[in-house]
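Residue numbers (the UniProt record's numbering): 1 to 99. Don't be surprised by glycine CBs; every beta carbon is placed ideally from N, CA and C. None of the values given here were measured: they were computed from a predicted structure. Working notes, beginning with the structure itself.
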């Protein structure tokens, strides 16, 4: 097995890692933004002569987190498949060269 086979597998793993990091960084609402989002929610309700309540706020956050989780899960699934495929390619090459 030559270095290019190992490099191919390593690059696949690195691409997967970068993809997962980007998914997490690009989450719709980052944790540090929640306070600002809460203020916006309260002001929105106030401007519409409605009462802001914690349950409604949590429903909004939960919906956002759910969407974010689905995005991350899709990236993680893709990462798993690409890494698994690269590992199988390296294993196949190794078996060819050692048999």
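Query	Result
With 16 other Cβ atoms within 10 Å as the buried cut-off, status of residue 92	exposed
Every unbroken beta strand (DSSP E) inside the segment 38-84 [3 residues or more]	none
Contact set for residue 45: own chain, Cβ-Cβ below 6 Å, skip 5 residues either direction	52
Residue environment, residue 63, which counts as buried when at least 16 other CB atoms sit within 10 Å	exposed
Residues near residue 42 in its chain [Cβ-Cβ closer than 6 Å; skip 5 each side]	52
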